[in-house]
Every structure is written in C-alpha cells, then in structure tokens.
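In the working numbering, the protein residues as written are 30 to 132.
Glycine included, C-beta positions come from ideal geometry on N, C-alpha and C.
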Amino acid sequence: MCESPPAGFPFPTAEVQSILLVLSERYPEKIAEVVERLYRGLWGDGDSGIVTTDGFMGVLGDVFGEVVAGEILCSVSFSWFFGPFLVYYLVVGGGGDGDGDAN
C-alpha cells in the first residue's frame, strides 16, 4: 500500500462508481477483477490517474478489450447525459400537465 494518499485525494469517484454499477449488472463475473485492479492501481501504486476516464479505460481495455470497454463507457456516458432529461420526461409525461398522463 502506498505510504501517503495518492495525489489529489480525495477526488470524485461518481464516474468510476457508475462504471462499476454497469459492470455489476452486465458482467458480474468480472467485477472483482476490475475492482482489484482499480484498488491496486490507486492504493498499491499510488496512481490517482486510475480514477480518470483514461485511467479506468486502461483497466477496462485490459479486462474486456477495447471494443467492449468503449461500449461500457458509452452506456455510462449516455445515462449521465440523458438521465436527468429522461427523469423529467417521465415525470411530466412527455410534455403534459405534470401528472404523468401526457395531457
């Protein structure tokens, strides 16, 4: 384990957590390997870059290959970008009066 916290600690982890959520749903058999690699990179090697998109894409690319890693990232990016809009759309029912019946 690294002697001192990695540079920039504490840092945002929401994106990494979103990736882990997608992995737990789609590839539950691989989640332990990915978490172990992220943990080792961050706390073993002191690499704070591992929690950035480039950093965890390297891990995902090693575990899944570049194509699947890109698909995982796209699915998370889609939900981050469109998630709030979709919630709003569902609540107001597609532009209705807010009661969900689209009137």
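Are the CB atoms of Leu67 and Ile79 nearer to each other than 7 Å?
yes
What residue range does the alpha helix (DSSP H) around Arg66 cover?
Ile60 to Tyr68
Given that a residue counts as buried once 16 or more other Cβ atoms are within 10 Å of its Cβ, and exposed if not, what is Val88?
buried
Considering Thr82, what are the terminal residues of the alpha helix (DSSP H) in which it resides?
Thr82 to Phe93
Taking all protein chains shown into account, do 16 or more other C-beta atoms lie within 10 angstroms of the C-beta of Leu71, making it buried, or fewer, making it exposed?
buried
What span of residues does the alpha helix (DSSP H) with Ile48 cover, start to end?
Ala43 to Arg55
Residues in the same chain with beta-carbon distance under 7 Å from Val51, minus the five sequence neighbours each way, listed in chain order, please.
Ile101, Ser104 and Val105
Using three-state DSSP, classify Ala36 as helix, strand or coil.
coil
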